[in-house]
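One point on numbering: in UniProt numbering, the residue at position 229 of the sequence shown is 229, and numbering is uninterrupted. Notes follow the structure.
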Amino acid sequence: MDKPVCLIDTTSDGQQCVQQSAMDILQKIEQPVVVVAVVGLYRTGKSYLMNRLAGKRTGWFALGSTVESKTKGIWMWCMPHPDKKGTSLVLLDTEGLGDVNKGDSKHDTNIFCLAVLLSSTLIYNSRGTIDNRAIEQLQYVTELTECIKVKSSEEETDDSSEFVKFFPRFIWAVRDFTLELKIEGKDVTENEYLEFALKLKHGTSKRVMEYNLPRECIQKFFPSRTCFTFPFPTAPEKLSGLESLDRAELDSKFLEVADSFCKFVFQDSQVKTLKDGYKVTGRVLGNLAKMYVDTISSGAVPCLENAVIAMAMIENEAAVREGLEVYKSGMEELKISFPLDLKDVSTKHQHLSNMATQTFMKRSFRDNDGKYLKSLEENINNLFDGYLIHNEQASKKRCENLLSSLCATMTEQLEQGLYAKPGGYDLFCKDLEDIVEKYKSQTNKEVKG
Ligand SMILES: Nc1nc2c(ncn2[C@@H]2O[C@H](COP(=O)(O)OP(=O)(O)O)[C@@H](O)[C@H]2O)c(=O)[nH]1
Ligand SMILES: [Mg+2]
Numbered sequence: 001m002d003k004p005v006c007l008i009d010t011t012s013d014g015q016q017c018v019q020q021s022a023m024d025i026l027q028k029i030e031q032p033v034v035v036v037a038v039v040g041l042y043r044t045g046k047s048y049l050m051n052r053l054a055g056k057r058t059g060w061f062a063l064g065s066t067v068e069s070k071t072k073g074i075w076m077w078c079m080p081h082p083d084k085k086g087t088s089l090v091l092l093d094t095e096g097l098g099d100v101n102k103g104d105s106k107h108d109t110n111i112f113c114l115a116v117l118l119s120s121t122l123i124y125n126s127r128g129t130i131d132n133r134a135i136e137q138l139q140y141v142t143e144l145t146e147c148i149k150v151k152s153s154e155e156e157t158d159d160s161s162e163f164v165k166f167f168p169r170f171i172w173a174v175r176d177f178t179l180e181l182k183i184e185g186k187d188v189t190e191n192e193y194l195e196f197a198l199k200l201k202h203g204t205s206k207r208v209m210e211y212n213l214p215r216e217c218i219q220k221f222f223p224s225r226t227c228f229t230f231p232f233p234t235a236p237e238k239l240s241g242l243e244s245l246d247r248a249e250l251d252s253k254f255l256e257v258a259d260s261f262c263k264f265v266f267q268d269s270q271v272k273t274l275k276d277g278y279k280v281t282g283r284v285l286g287n288l289a290k291m292y293v294d295t296i297s298s299g300a301v302p303c304l305e306n307a308v309i310a311m312a313m314i315e316n317e318a319a320v321r322e323g324l325e326v327y328k329s330g331m332e333e334l335k336i337s338f339p340l341d342l343k344d345v346s347t348k349h350q351h352l353s354n355m356a357t358q359t360f361m362k363r364s365f366r367d368n369d370g371k372y373l374k375s376l377e378e379n380i381n382n383l384f385d386g387y388l389i390h391n392e393q394a395s396k397k398r399c400e401n402l403l404s405s406l407c408a409t410m411t412e413q414l415e416q417g418l419y420a421k422p423g424g425y426d427l428f429c430k431d432l433e434d435i436v437e438k439y440k441s442q443t444n445k446e447v448k449g
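Below, the structure written as structure tokens:
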């Protein structure tokens, strides 16, 4: 995949839909995926940052050089992971939140939730400093408990502690950061700076509660947090052509932060897992996106427990199909040489059944009660019965052909009345015996051969 494609589009009536072309790409990715998504206000350099992660100097995730936001919906770019062998890296660039032209906060919440649901690392991108306004702009975190459910049961439970187990790691990228990293005169790290900004206030007044709520949510939902502060990337007059600038034209401190940011994202980001630890492949990620988007479009709340069940069903059904395919293709090859000795057919059947089970096991997950494995076995047994009938029919046909060819001379002689002449009976018995002998030796030879 040499350029990004739209994964989730927004239709004119504000609904989200998964693009089939992106699904087709994901369907082909059998490897586990590390999914890195970026969210934040529009026109804060998100797409530019994702291009840096993709290792492209010229922007492939389209950048906006006017006040109008360029990225719509969620765009995806899949590539081999630069550090982790055997895994793929999926970058998700999202439409900016808070675009005044849209003025639709429900839509923004959906995009934010989808990024949380689909990623294993979530980057929140903002400009300036982590002040109260920046935290308030991350108001979507306060809606997460209403927008995502852990369990499907109706009862009202606080699942927030459960969220943590499968929510993405969180990185706050502060762009155009000009302050000194100092708190009360002391030098602090970027992470200490973030933690300081997230500190809660004491008190129970409405104002204090409002101040604390987003901070509490960030702390609760994203216990693994990291902060990067980027200086201005270059001189102001060069900013609009940023993506075409050489490294030499970029601020060296900016490059240093950008490089260590990329290194951290590659090393720290984990393979996306489902609620029970199942590693998500590209194929499953596509199904997951489709399922979450369909759920949201129907007005329901995406549920992680249901997602695991739905993914298990899709994967297990496919695992049964794959297993059967292995068995069937092997048996079809054998069928060409039917009729064969029953023992040989059974041995091959046993060998292919084992191969089919192994193929099934590789793909299936959460087949706790063995329902799908049983279905595979039943299907194989039915097919085996069919092959046995085929073998029997082939054998019968061969015997009939043999008999009719062996009997041809006898029939002729019978018609000529040869056996009705004196001594004819003895001749008849001898010819018959000959036929039986020949038949026996021929069929034995064939079975052995
Ligand atoms: N000041 C500043 N501008 C940036 C930075 N990164 C990208 N830009 C520019 O900001 C504009 C919008 O960038 P874009 O990546 O499309 O923002 P997005 O809407 O958040 O995806 C483009 O002209 C970029 O060249 C940055 O770190 N600081
Ligand atoms: Mg963008």
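All C-beta atoms, glycine included, are put in the ideal place defined by N, C-alpha and C.
**Message:** Can you give me the C-alpha to C-alpha distance between glutamine 20 and glutamate 30, rounded to a whole angstrom?
**Reply:** As a first step, residue 20 is located in the sequence shown; it is residue number 20 there, counting from the start. As a first step, residue 30 is located in the sequence shown; it is residue number 30 there, counting from the start. About 17 Å.
**Asked** valine 436: buried (16+ other C-beta within 10 angstroms of its C-beta) or exposed?
**Response** On the sequence shown, position 436 is the one that residue 436 refers to. Exposed: under 16 other Cβ atoms inside 10 Å.
**Asked** From what residue to what residue does the beta strand (DSSP E) around leucine 122 run?
**Response** Locating residue 122 in the sequence shown gives position 122, counting from the first residue. Element bounds for leucine 122: 121 to 127.
**Prompt:** What's the C-alpha gap between valine 164 and arginine 225?
**Reply:** For this step, residue 164 is matched to residue 164 along the sequence shown. For this step, residue 225 is matched to residue 225 along the sequence shown. Taking the straight line joining both Cα atoms gives about 12 Å.
**Prompt:** For chain C, is any of its Cβ atoms less than 8 Å away from the one on glutamine 27?
**Reply:** Going by chain labels, chain C is absent from the structure shown, which holds only one protein chain.
**Prompt:** Which value, in whole angstroms, describes the spacing of the CA atoms of glutamate 143 and valine 320?
**Reply:** As a working mapping, residue 143 is identified with position 143 in the sequence shown. As a working mapping, residue 320 is identified with position 320 in the sequence shown. About 39 Å.
**Buried or exposed by the 16-neighbour rule on C-beta atoms within 10 Å, applied to leucine 7** = Looking up residue 7 in the sequence shown gives position 7. The residue in question, leucine 7, is buried, as its Cβ has 16 or more Cβ neighbours within 10 Å.
**Asked** Helix, strand or coil: how does DSSP classify aspartate 246 here?
**Response** Numbered from 1 along the sequence shown, position 246 holds the residue referred to as residue 246. The answer is coil: DSSP assigns aspartate 246 none of H, G, I, E or B.
**Request:** Report the partner residues of leucine 89 according to the DSSP bridge assignment.
**Result:** Residue mapping note: residue 89 aligns to position 89 of the sequence shown, counting from 1. Bridge partners of leucine 89: Val34, Met79.
**Message:** Short of 7 Å in beta carbon distance, which residues of its chain neighbour glutamine 442, apart from the five on each side in sequence? Order them along the chain.
**Reply:** Here residue 442 refers to the residue found at position 442 when the sequence shown is read from its first residue. Leu402, listed in sequence order.
**Request:** Would you list the residues sitting across from valine 5 in a DSSP beta bridge?
**Result:** By one-based count along the sequence shown, residue 5 stands at place 5. Per DSSP, Met76.
**Request:** Over the uninterrupted beta strand (DSSP E) stretch that includes alanine 173, give me the two end residues.
**Result:** Sequence index remark: in the sequence shown, residue 173 carries index 173 (1-based). Per DSSP, alanine 173 belongs to the beta strand (DSSP E) from 169 to 175.
**Message:** Using a Cβ-based criterion (distance less than 7 Å to any ligand heavy atom), does glycine 96 qualify as near ligand 2?
**Reply:** For the purposes of this step, residue 96 is identified with residue 96 of the sequence shown, where counting begins at 1. Within the cutoff, so yes.
**Start-end ranges of the alpha helix (DSSP H) lying completely within the stretch 243 to 311, minimum 4 residues** = 252 to 268, 282 to 297
**Item:** Residues of its chain near glycine 59, where Cβ-Cβ distance is below 6 Å and the 5 sequence neighbours each way are ignored
**Value:** Position 59 of the sequence shown, counted from the first residue, corresponds to residue 59. With a pLDDT of only 47 at glycine 59, under 50, the local geometry of the prediction cannot be trusted, and no value is derived from it.
**Request:** Report the rounded CA-to-CA distance for isoleucine 183 versus tyrosine 193, giving the unit in angstroms.
**Result:** The residue labelled residue 183 in the question sits at position 183 within the sequence shown. The residue labelled residue 193 in the question sits at position 193 within the sequence shown. The alpha-carbon atoms of isoleucine 183 and tyrosine 193 are separated by roughly 8 Å.
**Message:** Quick check: is any heavy atom of ligand 2 less than 7 Å from the C-beta of phenylalanine 360?
**Reply:** Here residue 360 refers to the residue found at position 360 when the sequence shown is read from its first residue. No, since every heavy atom of ligand 2 falls outside the 7 Å radius drawn around the Cβ of phenylalanine 360.
**leucine 41, DSSP secondary structure in three states** = Against the sequence shown, residue 41 aligns to sequence position 41. Of the three classes helix, strand and coil, the one that applies to leucine 41 here is strand, per DSSP.
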